[in-house]
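Only one structure is covered here, and it is reproduced in the block below.
Number of protein chains: 2
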Amino acid sequence: MTTSKEILQAKGKEARASSRQLSKGGAEAKNRALLNLAELLLSEQGAILEANSADCEDAQANGLSGTWLDRLLLTPGRLEAVAKDVRNVAALPDPVGEMFDARVLPNGLSTGKRRVPLGVIGSIYESRPNVTIDIFSLSFKAGNACILRGGREALRSNKALAEVVWQALENNGWPRGALQFVEDPDRSLVEAMVGMRDYIDLLIPRGGADLIRYVGENASMPVITGGVGVCHTYIDRSADLDMATAISYNAKVQRPTVCNAMDTLLVHSEIAPRWLPQIALEWLNAGVQMRCDRRALSILAANGDEALQEATDEDWGKEHLALVASVRVVDSLDDAMEHIEQYGSGHSEAIVSEDYSAAMRFLDEVDAAAVYVNASTRFTDGAEFGLGAEVGISTQKFHARGPMGLRELTTYKWVVMGNGQIRS
Amino acid sequence: MTTSKEILQAKGKEARASSRQLSKGGAEAKNRALLNLAELLLSEQGAILEANSADCEDAQANGLSGTWLDRLLLTPGRLEAVAKDVRNVAALPDPVGEMFDARVLPNGLSTGKRRVPLGVIGSIYESRPNVTIDIFSLSFKAGNACILRGGREALRSNKALAEVVWQALENNGWPRGALQFVEDPDRSLVEAMVGMRDYIDLLIPRGGADLIRYVGENASMPVITGGVGVCHTYIDRSADLDMATAISYNAKVQRPTVCNAMDTLLVHSEIAPRWLPQIALEWLNAGVQMRCDRRALSILAANGDEALQEATDEDWGKEHLALVASVRVVDSLDDAMEHIEQYGSGHSEAIVSEDYSAAMRFLDEVDAAAVYVNASTRFTDGAEFGLGAEVGISTQKFHARGPMGLRELTTYKWVVMGNGQIRS
């Protein structure tokens, strides 16, 4: 009998073999497959939406709630958006083959680094079926095979999407093996997958904090951990107060459920009495609940604002993912940076300030994937930063930090061309 | 009672704290400390050599053999070389602060990546005491603190070297905590160290294959695995045969004990009858033992050469680290590349060929840290490749591949400067 684990190992082997073929492929052939995939996502949407309906019905029957169900749901509009993303990936420049750090050594050896695919990308993710297409298209464009293991509740949707990918691969002369789809919903396969360092060169967990923690702690291969952002915006005493309001409002309200949204507002004590009521009013109108330290509370209570709570210890360092903000009054830039060092997750941190030295110190001393002066942390995103797309946002320091695009799914090799050089 | 493990944790905390101070330091202040260290290595050589003599005497008493003892030994000449390396590191450009991928986004945000230190570098190494100074000086120049755990047999030597480092740090206003030296020879501390992911950002094992494998499999933080090189040189049928001889001789003989030396020679069957006797003669004179496949054996036996053995299965994929070469006759470029894929360790691989298409295919298709046309694999080295120095040679694909210099001991952060931008 073949066990689930043996099937997974076989998929690993097949992915590895396919990755060799992919690494030889040119951009044009890869783009043809991607554009075909975008077409098929629309022309085959009947089958995809039907599979998705079945998943959604079961999920509802199993009592899945609003947000969760919404993550699972595909619609013609959402498929159109997914297809558009695939076309965008096709339009991006191919990172593979790029030469950099090229030079001729004194002995005449011509050396340089050539960008090459990593090999096989693995991903373990939860309910969103669009991740299937997302990770595949970015991995494939960067010349990598991938092994995908989606959420059990999205199994039929993911399988229908995988079918479309396989069709696009076959239509364009690529091996089907470039996409390995793990159908078996057995949880023990996650365990098996994190141990497959011979077959997976990089593992990307996408989903809740528990999944990301589990993968980070147990994976035997490199992992991109990220997705958790405890983001601060510090309003310096020198801040342009209208700008501070606009940035704080945007960072908290524009899309509160994502990792680059503001979690904690830090306000310098000199301007807190004047400015806190201003942002509190804006936030009140948007339905933001404020979890304030005592000093912020006393300022706002004096103004009669009642959508306030006293912050508990857990509110510092908490990723709210909702219209909730922790608020603290600090006495200096140093106090603000110390707070960020203690509670931040190394994602995105901002200062609003007109003081040149304070702004520069913040950029220099705050240790995070992205540090900002006078802008909303909401910009930490592959598309916004000009990478075209992203597989995730890394909050680790190794290999890649911040938004990870195509280039971050590659490695390089040293290419050395000589005419008989030997070492003396 | 404070346990060894608690002491190690305390060292981790102190390293982390020191790394923050280091990350703020400028190149000039770092270089001053390095140049002072180079001076002290010479002015304090009495104490260092005395400690080293004690280590060497004990090692001899414990029956340590020639090569091992030689690795442990420091002499005035070797200390001079170590000091010179430190001065070379001081002379290298500081990687910290370098901006790259800078651009102004359409919304006016000025973005870019700024190179910053990784934080804390850990290293576990064996007998060579010079590694203490090596890893410290490179880590420090790149703005990192380090935690070093050398071999038990070199304890007194390493401690004397650490004393000199601390003196140089103190003399120049840097925290002593920038170098944490693990004195306790208890083996269980290696286990503790590989689990300290909160305090160590990158772990570098330096030593034998067993140590490297242990660290690679057990470390909870990123590790640079490397140092094991099973390197092939393939002599194509189109090769310039004199060049083939010169390169093969150099790759095998010039320094056989290092990872970029040739282990296996692959020869195209069309030229093997003419050329193999040529290299065999040169190698014979240099004392190289050849482990040949049957076809190579029959060619060479016909020429009456007797310093030959038949290769066993273990000879393919073996890193000889000695004047021994595995030799195999292949019928095509494809066969050569297949052999390399099966047995290579992803370190350095070379083709000798005058055939343009064969050379390009080799560069494209062989997956290794360094791929060569018409040159000796012995060049895979940080200094040779123009990095100035190296902490090691990575045979993994993540973060850095091949020789790792100062830049590879850093990461980056995204720096974003705006004037009130918010996301719409």
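Protein chains in written order, with the numbering used here: chain S, 1265 to 1688; chain E, 1265 to 1688.
From the three backbone atoms N, C-alpha and C, an ideal C-beta is built for every residue, glycine too.
Computed from a predicted model, the values in this text were never measured in an experiment.
Amino acids of chain S, ordered along the chain, whose beta-carbon sits closer than 7 angstroms to that of residue i
i	result
Ser1640 of chain E	Gln1685, Ile1686, Arg1687
Contacts around residue i, its chain only, beta-carbon distance under 8 angstroms, and the 5 residues preceding and following it disregarded
i	result
Asn1436 of chain E	Ala1293, Arg1296, Ala1297, Asn1300
Met1457 of chain E	Leu1272, Gly1386, Ile1388, Ile1411, Arg1413, Val1446, Ile1464, Leu1467
Leu1313 of chain S	Leu1338, Thr1339, Pro1340, Leu1343
Leu1453 of chain S	Ser1268, Lys1269, Leu1272, Arg1413, Val1446
Arg1420 of chain S	Ala1315, Asn1316, Ala1318, Asp1319
CB contact check: residue i to chain E, cutoff 8 angstroms
i	result
Thr1375 of chain S	yes
Ala1354 of chain S	no
Glu1303 of chain S	no
Lys1288 of chain S	yes
Asp1465 of chain S	yes
Met1363 of chain S	no
Arg1367 of chain S	yes
Leu1402 of chain S	no
Leu1382 of chain S	yes
Gly1652 of chain S	no
Pro1486 of chain S	yes
Residue i - partner residues in DSSP beta bridges
i	result
Arg1379 of chain E	E:Tyr1676
Phe1649 of chain E	Answer is none; Phe1649 of chain E lacks a bridge partner.
Phe1626 of chain S	Note: Phe1626 of chain S sits in no beta bridge, so no partner.
Ala1639 of chain E	S:Gln1685
Phe1445 of chain S	S:Leu1412
Met1460 of chain E	DSSP lists no partner for Met1460 of chain E.
His1532 of chain S	S:Val1594
Thr1227 of chain E	Not covered by the structure: residue 1227 of chain E. The range shown for chain E is 1265 to 1688.
Gln1553 of chain S	S:Val1588
Met1601 of chain E	Bridge partners of Met1601 of chain E: none, in fact.
Min CB distance residue i to chain S below 8 angstroms
i	result
Trp1678 of chain E	yes
Thr1339 of chain E	no
Phe1445 of chain E	no
Asp1349 of chain E	no
Leu1585 of chain E	no
Met1507 of chain E	yes
Gly1491 of chain E	no
Beta-carbon proximity list for residue i, same chain, < 6 angstroms, skipping 5 on both sides
i	result
Tyr1498 of chain E	Leu1530, Ala1600, Ile1615
Ala1424 of chain S	Ala1311, Ile1312, Ala1315
Val1680 of chain E	Leu1373, Thr1375
Ala1550 of chain E	Val1517
Arg1461 of chain E	Ser1484, Met1485
Arg1592 of chain E	Leu1530, Asp1557
Ala1366 of chain E	Gly1376
Interface partners of residue i on chain A, CB under 9 angstroms
i	result
Ala1510 of chain S	Of the protein chains in this structure, namely S and E, none is chain A.
Residue i: contacting residues in chain S (beta-carbon distance under 8 angstroms)
i	result
Gln1606 of chain E	None at all; the shortest Cβ gap to chain S is about 13 angstroms.
Interface partners of residue i on chain E, CB under 9 angstroms
i	result
Met1681 of chain S	Ala1623, Leu1627, Tyr1636, Val1637, Asn1638, Ala1639
Within chain S, the residues that residue i reaches when beta carbons sit closer than 9 angstroms
i	result
Gly1646 of chain E	Neighbours of Gly1646 of chain E on chain S: none; closest Cβ ~11 angstroms, over 9 angstroms.
Pro1439 of chain E	Within 9 angstroms Cβ-Cβ: nothing; Pro1439 of chain E doesn't reach chain S, min ~16 angstroms.
Under 8 angstroms by beta carbon: chain E residues contacting residue i
i	result
Pro1541 of chain S	None at all; the shortest Cβ gap to chain E is about 21 angstroms.
Pro1469 of chain S	The premise fails here: Pro1469 of chain S is roughly 16 angstroms from chain E at the closest Cβ pair, so nothing lies under 8 angstroms.
Cβ shell of residue i (< 7 angstroms), same chain only, five flanking positions each side left out
i	result
Val1655 of chain E	Ile1399, Leu1402, Ile1468, Met1668, Leu1673
Pro1449 of chain E	Arg1416, Leu1419
Using a Cβ cut-off of 9 angstroms, which residues of the stretch 1616-1640 of chain S contact any Cβ in chain E, in chain order? Val1616, Ala1623, Leu1627, Asp1628, Glu1629, Val1630, Asp1631, Ala1632, Ala1633, Ala1634, Val1635, Tyr1636, Val1637, Asn1638, Ala1639, Ser1640
Chain E contacts made by the stretch 1654-1674 of chain S, where a contact means CB separation under 7 angstroms: Lys1661, Phe1662, His1663, Arg1665, Gly1666
The stretch 1513-1536 of chain S: positions lying closer than 7 angstroms to chain E by Cβ: Asn1514, Gln1518
What residues in the stretch 1404-1434 of chain S have a beta carbon less than 8 angstroms from any beta carbon of chain E? none
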